[in-house]
Amino acid sequence: MTLHSYLLFVFASLVLMLVPGPDMVYMLARCIAQGRRAGVLAALGFNVGGYVHLIAAVLGLSTILATSSFAFNVVKWLGAGYLIYLGIAALRRNEGPLVISPVQTRRDGRTIFWQAFLSDVLNPKVAMFFLAFLPQFVDTKGPHPMLQIILLGVTVNMIALPTNIMLVCFSVRLTEALRRNTSISRWLQKGLGALFILLGLRLAVEKA
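In structure tokens, the structure reads:
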């Protein structure tokens with residue numbers, strides 16, 4: 004894995020974290036209803052859940068890699084196709100601003116944390132994304148492909164936590180902006196869609 008590929012991965016991960024989705028809605032709803040602490044606990048719950056998906060992806064991809072490099076490349080191609088599909092879907096989606104519904108306020112810290120954790124762990128789309136996203140940046144001909152997978156997985160989770168905490172800290176201004184300007188979330192979706200398509204095409208034109 005080259006430095007260029009790694010930096011591209013970091014950029015793609017950062018864009019992904021900024022796109023409004025169910026996790027962001029839950030996290031900001033907690034923050035608005037119960038304060039900054041509740042939002043941070045939700046962010047921590049999602050982050051720990053991300054490591055569960057990372058472990059599952061590392062074990063699965065490492066097993067495939069140890070069995071056959073050809074099979075791993077097949078997984079990469081399938082993942083590239085999945086990213087292109089997600090990209091096209093994001094470009095075609097026409098959503099309004101982020102809508103944050105009120106949540107119950109009587110929740111203790113542990114409940115908020117575990118609710119966020121289970122929401123992330125039990126989301127099959129997150130698992131599918133880890134399996135599709137990580138292999139696109141692994142150089143199977145380079146040294147220690149399994150360590151590359153671990154590095155990428157840890158990187159995306161390390162980017163996610165401070166990004167989510169930053170969003171929590173600026174939640175009031177963020178949600179006001181998203182409510183007032185419908186183009187913000189729409190442009191984020193379009194940007195992510197274009198990025199996913201480019202990542203898929205990048206693999207398609209990559210020399211074996």
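Residue numbers (the numbering used here): 4 to 211. Beta carbons are placed, not taken as given, at the ideal position from N, Cα and C, and that holds for glycine.
Close beta carbons around residue i, own chain, < 7 Å, minus the five adjacent residues each side
| i | result |
| --- | --- |
| residue 46 | 30, 164, 167, 168, 171 |
| residue 67 | 74, 75, 78 |
| residue 51 | 120 |
| residue 8 | 140 |
| residue 174 | 31, 34, 35, 42 |
| residue 210 | Reliability fails at residue 210, whose pLDDT of 49 lies under 50, so the model's placement of it is uncertain and no value is given. |
N- and C-terminal bounds of the alpha helix (DSSP H) containing residue i
| i | result |
| --- | --- |
| residue 18 | 6-21 |
| residue 136 | 127-136 |
| residue 143 | Premise fails: residue 143 is in no alpha helix (DSSP H) and is neither H nor E. |
| residue 112 | 112-124 |
Residue i, buried or exposed, once every other Cβ within 10 Å from all chains shown has been counted against 16
| i | result |
| --- | --- |
| residue 138 | buried |
| residue 101 | Residue placement at residue 101 is poorly supported in this model, since its pLDDT is 47, which falls under 50; the coordinates are not used for a value here. |
| residue 116 | buried |
| residue 12 | buried |
| residue 62 | exposed |
| residue 6 | exposed |
| residue 10 | exposed |
Pick from the options that is closest to residue i, judged by C-alpha positions
| i | options | result |
| --- | --- | --- |
| residue 73 | 17, 60, 142, 173 | 142 |
| residue 4 | 200, 201, 150, 52 | 150 |
| residue 80 | 27, 160, 135, 157 | 135 |
| residue 153 | 49, 64, 28 | 64 |
Contacting residues, own chain, Cβ-Cβ under 8 Å from residue i (five flanking each side not counted)
| i | result |
| --- | --- |
| residue 130 | 56, 59, 60 |
| residue 41 | 33, 34, 110, 112, 115 |
| residue 124 | 52, 55, 56 |
| residue 44 | 33, 112, 115, 116, 119 |
| residue 162 | 13, 16, 17, 20 |
| residue 145 | 4, 151 |
Contacts around residue i, its chain only, beta-carbon distance under 6 Å, and the 5 residues preceding and following it disregarded
| i | result |
| --- | --- |
| residue 133 | 56, 60 |
| residue 87 | 200, 203 |
| residue 159 | 16 |
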